[in-house]
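Take a look at the structure set out below.
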């Protein structure tokens, strides 16, 4: 399983999130497939905050609102985690988010995200 984690990490770093997600084992419970982000336009999860629509792991979603315009802090709402991407097709510069999140994100616009389920950490 350790080798698979390294392989998945390398694919994520190479912008191949959708392919990496296909290597992950499936489970019957819906909790492991959920992907949703919480983001705010000020650091430390303050200011105007919003959630992305509820999605599923392994699917690339376009972001809206503060995620595209003025994201300053963000976190995953589920233990599955998620990766934000600079480009609208889940490629380019990326930022990994877990449930603790990032409380101070540099002024970067993220156009898409994909939820990732990693069994060892969920």
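In my numbering, the protein residues as written are 29 to 150.
Glycine included, each C-beta is placed from N, C-alpha and C at the ideal position.
Remember, it's a predicted structure, so these values are computed and weren't measured experimentally.
How many Å lie between residue 113 and residue 63 at the Cα?
14 angstroms
Suppose the cutoff is 8 angstroms on Cβ atoms and the five residues either side in sequence are ignored; what does the same chain contact list for residue 130 look like?
101, 102, 103 and 123
Pull up the DSSP beta-bridge partners for residue 85, would you.
143
Roughly how many whole angstroms lie between the Cα atoms of residue 116 and residue 98?
Rounded to whole angstroms, residue 116 to residue 98 spans 16 angstroms at the Cα level.
Reducing DSSP to helix, strand and coil, say where residue 64 ends up.
coil
To the nearest angstrom, report how far apart residue 82 and residue 120 are at their CA atoms.
23 angstroms
With a 10 Å radius around its C-beta and 16 neighbouring C-beta atoms as the bar for buried, classify residue 80 as buried or exposed.
buried
Rounded distance between the beta-carbons of residue 110 and residue 5, thought under 8 angstroms
No answer is possible for residue 5: the residues shown for the chain start at 29 and end at 150.
Which residues does DSSP list as the beta-bridge partners of residue 118?
Answer is none; residue 118 lacks a bridge partner.
For residue 143, does the count of other Cβ atoms within 10 angstroms reach 16, so buried, or fall short, so exposed?
Residue 143 comes out buried.
Looking only at C-alpha atoms, which of 85, 108 and 71 sits nearest to residue 127?
108
By the DSSP assignment, the alpha helix (DSSP H) with residue 97 in it spans what residues?
For residue 97, the enclosing alpha helix (DSSP H) has its first and last residue at 94-97.
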